[in-house]
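Per the UniProt record's numbering, the very first residue in the sequence shown carries number 1; after that it's consecutive.
Single-structure report; data block below.
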Amino acid sequence: MRPLYYKEKAQLYQMNYQNKPQMHDWLEELGDVNNDVQINSDDIDAYHITNAYLTVKAWLEEANDLKAIGAEIREKIRTYTRFIWYEVKGDIKPEIIFTNINMGKIKLTNAELIKALLLKQDNYKGENDDVIKVSQIKISTAWDNMEAKLQRDDLWRFLTGSGKFSKSETHMELIFRIMAKDIVKDRIRNNPEFYVENEEELNKDTYTFIIFSRELEYLENEKTDKPLPYSELLESFWGKIERYYNMFIDWYENREWYHLIGVLLAKEENQTESYFEELCDLYRTHTKSEFVCKLKERIINEIDFEDKDKTDFSFTHEVVEEYLKSLSYSDKKIDKDKIRNILLLFNVISMQNNTDSDPRFPFDSYQKQKWDIEHIHSVTTERAQNKKEREEWLDSAWPYIESVASDPKVFEMYTKAKDVRDNKFYDDEHATEYDEMYNSVIAFFSGETGIDNKPINEISNLTLLDQRTNRGYRNHIFPVKRNKILEKSGVESFIPLCTKNVFLKFYSKTVSQMYLWDKNDRKDYFDKMADEIFYYLSGTRKEQ
Numbered sequence: 001m002r003p004l005y006y007k008e009k010a011q012l013y014q015m016n017y018q019n020k021p022q023m024h025d026w027l028e029e030l031g032d033v034n035n036d037v038q039i040n041s042d043d044i045d046a047y048h049i050t051n052a053y054l055t056v057k058a059w060l061e062e063a064n065d066l067k068a069i070g071a072e073i074r075e076k077i078r079t080y081t082r083f084i085w086y087e088v089k090g091d092i093k094p095e096i097i098f099t100n101i102n103m104g105k106i107k108l109t110n111a112e113l114i115k116a117l118l119l120k121q122d123n124y125k126g127e128n129d130d131v132i133k134v135s136q137i138k139i140s141t142a143w144d145n146m147e148a149k150l151q152r153d154d155l156w157r158f159l160t161g162s163g164k165f166s167k168s169e170t171h172m173e174l175i176f177r178i179m180a181k182d183i184v185k186d187r188i189r190n191n192p193e194f195y196v197e198n199e200e201e202l203n204k205d206t207y208t209f210i211i212f213s214r215e216l217e218y219l220e221n222e223k224t225d226k227p228l229p230y231s232e233l234l235e236s237f238w239g240k241i242e243r244y245y246n247m248f249i250d251w252y253e254n255r256e257w258y259h260l261i262g263v264l265l266a267k268e269e270n271q272t273e274s275y276f277e278e279l280c281d282l283y284r285t286h287t288k289s290e291f292v293c294k295l296k297e298r299i300i301n302e303i304d305f306e307d308k309d310k311t312d313f314s315f316t317h318e319v320v321e322e323y324l325k326s327l328s329y330s331d332k333k334i335d336k337d338k339i340r341n342i343l344l345l346f347n348v349i350s351m352q353n354n355t356d357s358d359p360r361f362p363f364d365s366y367q368k369q370k371w372d373i374e375h376i377h378s379v380t381t382e383r384a385q386n387k388k389e390r391e392e393w394l395d396s397a398w399p400y401i402e403s404v405a406s407d408p409k410v411f412e413m414y415t416k417a418k419d420v421r422d423n424k425f426y427d428d429e430h431a432t433e434y435d436e437m438y439n440s441v442i443a444f445f446s447g448e449t450g451i452d453n454k455p456i457n458e459i460s461n462l463t464l465l466d467q468r469t470n471r472g473y474r475n476h477i478f479p480v481k482r483n484k485i486l487e488k489s490g491v492e493s494f495i496p497l498c499t500k501n502v503f504l505k506f507y508s509k510t511v512s513q514m515y516l517w518d519k520n521d522r523k524d525y526f527d528k529m530a531d532e533i534f535y536y537l538s539g540t541r542k543e544q
């Protein structure tokens, strides 16, 4: 109605928020022709109100008969607006009535129900209005700030990975679900009737709310030497919620914890509530240094090292090397997952060890994209299928073919490529000439007429690359891949640090050429990966 009010000067009602009295004046000014209204992201209510206001305003500006529209809307509001009042008997909890009323209607989330539970007026019996407002505003403001931070993609993706185990639009729900599980575990030790069998299955949509409501009732009726007023008990309970939130923020803001926890939670099989609860327990029951050790132990235990289940298993550099050597690319998901997890770990360790600019691995960018395990030296035999693709392939490779033309060993390869290019032998009629040229170019840029299938599928020839980039350049030679990847880095997509380093030959101890990935490059890359993984997880360097 605000857009209509300032156009027609016809106001139906005013609105006040009990827990946000400051919004009254802001609502009164909303729509003033002298104000340039923008989307307000500082407060969740203000955000939705300004968004709705601007949407309605834009619609009204296109309307032909504003007066008739205004009259119809006002008539609908006068006729159909209803206030619902329920008299609740003393022996029935209002929360249960509220839940029953909403059955079959638009469902409120657990978080919305819990917010109502914490802010309701009955929590402050005997308190004056000012005390009530201060407490409600304090909780409401803190809630909005916490929710806003949890809505940030960099924090949320770090905590939930692909978000499968916490899909609620209200991200505070993550805190409440973990907290509810802890409440039940704590209470049933001394109060078995607190737990109702299969309750979570029976009340999927309101389980967290029911546990919170029951816990507050339990605390209120708990016999203590100095019982607290309900408002103080509620404040203490809210403090517990804040401690859970602060735990998640600690994980995010401590750079080492962030990387260790991020590696664990990035794995799809670990994106469950039960796994998340285990990390919470580790955090609460150990010192900071112990917590780091326990996280590293988890990473080691989740890698399928040979003999790791034996009582005399010892984590050594040799164990890491043997595991890396055992990894081989195949079409099996289990093999791909093992390789992907190791490559991710190497990338995260590399970011953690880079203290010059204090970088952090972007788990949000990692989770948003789909990833291929890329062969640094190409393995695919897929070739360009039509005239346009063939021409594009040779055009991309030509600068690098031309750059080695002075080498007598490549005269035949260069001559074939130049002949195809000059005569535009890209159609099917000249497939023989094109294929001979293609094979010659691939053989040269493979080094020593190629490498056999075994090392080509080993981890020394593998790196992480997003699907879009990887599948966009087909079977290109190493320098073309290198150029395309470096062009896209930080512009079109997220390219992992170690992938960039590979194509820059950062790990190679001696760089004599930049046009192929040879056995020396592979060895240096493998050694660096083994060294860094062992050192980071054990804290000791390989004995020379």
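In this text, a Cβ means the ideal position worked out from N, Cα and C, and glycines have one as well.
Treat the numbers as computed from the prediction; the structure is a model and nothing was measured.
- Can you say whether Asp428 is buried or exposed, counting buried as having 16 or more other CB atoms within 10 angstroms of its CB? exposed
- Task: Give the DSSP-derived three-state secondary structure of Trp517 in the structure shown.
- Result: DSSP places Trp517 in coil when its eight states are reduced to three.
- Take Ser493 as the anchor and find which of Arg298, Asn470 and Phe478 has the nearest alpha-carbon. Asn470
- Message: Rounded to the nearest angstrom, what separates Thr449 and Tyr515 at their Cα positions?
- Response: Confidence in Thr449 is poor, its pLDDT being 43 and thus under 50, which makes the residue's placement unreliable; the coordinate value appears in the next sentence. Their backbone Cα atoms lie some 14 Å apart in a straight line.
- Query: Secondary structure at Ile183, three-state DSSP: helix, strand or coil?
  - Reply: helix
- Message: When you compare the CB positions of Lys509 and Leu486, do they come within less than 8 Å of one another, or not?
- Response: Leu486 is positioned such that its CB atom lies no closer than 8 Å to that of Lys509.
- Query: Does the beta-carbon of His24 have 16 or more other beta-carbons within 10 angstroms, so that it is buried, or is it exposed?
  - Reply: Classification of His24: exposed, given that the 10 Å Cβ count is below 16.
- Neighbourhood of Asn123 by C-beta distance below 7 Å, restricted to the same chain and skipping five residues each side: Tyr230, Ser231 and Leu234
- Task: Put Ser489 into one of helix, strand or coil per three-state DSSP.
- Result: strand
- Item | Pairwise C-alpha distance: Asp335 and Phe534 | C-alpha separation (whole angstroms): 21 Å.
- Message: Short of 7 Å in beta carbon distance, which residues of its chain neighbour Arg298, apart from the five on each side in sequence? Order them along the chain.
- Response: Leu264
- Item | Alpha-carbon to alpha-carbon, Met529 and Leu343 | 9 Å
- Message: Using only the alpha-carbon positions, how far apart do Arg468 and Arg390 sit?
- Response: 20 Å
- Message: Does Ile303 come out as helix, strand or coil in the three-state DSSP assignment?
- Response: coil
- Return the CA-CA distance between Ile459 and Leu324, expressed in angstroms with no decimal places. 7 Å
- Item | Met146 versus Arg74 - alpha carbon distance | 37 Å
- Message: Pull the bridge partners of Asp372 from the DSSP assignment, please.
- Response: Leu465
- Message: By alpha-carbon positions, which one of Ala397, Glu433, Phe313 and Asn457 ends up nearest to Ile442?
- Response: Ala397
- Query: How many angstroms separate the CA atom of Ser512 from the CA atom of Lys484?
  - Reply: Approximately 21 Å, taken between the alpha carbons.
- Query: So residue 572 packs on Ile373, CB below 8 Å; how close in whole Å?
  - Reply: This structure does not reach residue 572, given that the chain is present from 1 up to 544, and the question cannot be answered.
- Please say whether Asp364 and Arg157 have beta carbons closer to each other than 8 Å? yes
- Query: Curious, which full-length alpha helix (DSSP H) runs of at least 4 residues does the segment 337-371 contain?
  - Reply: 363-368
- Message: Does Glu62 come out as helix, strand or coil in the three-state DSSP assignment?
- Response: coil
- Task: Give the secondary structure of Glu215 by DSSP, where H, G and I count as helix, E and B as strand, and everything else as coil.
- Result: Here DSSP, grouped into helix, strand and coil, assigns Glu215 to helix.
- Query: To which residues does DSSP link Glu391 through a beta bridge?
  - Reply: Looking at the DSSP assignment, Glu391 forms no beta bridge with any residue, so it has no partner.
- Task: Count the other CB atoms, across all protein chains shown, that sit within 10 Å of the CB of Ala180; report buried if there are 16 or more and exposed otherwise.
- Result: buried
- Just the C-alpha distance for His48 and Leu108, rounded to the nearest angstrom, thanks. 17 Å
- Relative to the C-alpha of Ile210, which residue among Phe176, Glu220 and Trp238 is closest? Phe176
- Message: What residue range does the alpha helix (DSSP H) around Ile114 cover?
- Response: Asn110 to Leu119
- Return the Cβ separation of Glu532 and Asn353 in integer angstroms, given the expectation that the two are a contact with Cβ distance under 8 Å. Right, the Cβ-Cβ distance comes to about 7 Å (below 8 Å), so this counts as a contact.
- Query: Where does Thr540 sit, in a helix, a strand or coil, going by DSSP?
  - Reply: coil
- Query: Are the beta-carbon atoms of Arg178 and Phe276 separated by less than 8 Å?
  - Reply: Correcting the residue identity first, residue 178 is Ile in this sequence and not Arg. Yes, the Cβ-Cβ distance between Ile178 and Phe276 is below 8 Å.
- Contacts around Leu113, its chain only, beta-carbon distance under 6 Å, and the 5 residues preceding and following it disregarded: Phe209
- Query: To the nearest angstrom, how far is it from the Cα of Asn128 to the Cα of Thr141?
  - Reply: 20 Å
- In the DSSP assignment, what are the bridge partners of Ser328? Glu458
- Query: Which residue from Tyr218, Lys167 and Glu201 puts its Cα closest to that of Ala190?
  - Reply: Looking at the sequence itself, residue 190 is Asn, so the reference to Ala does not match. Asn190 has its Cα closest to that of Tyr218, out of Tyr218, Lys167 and Glu201.
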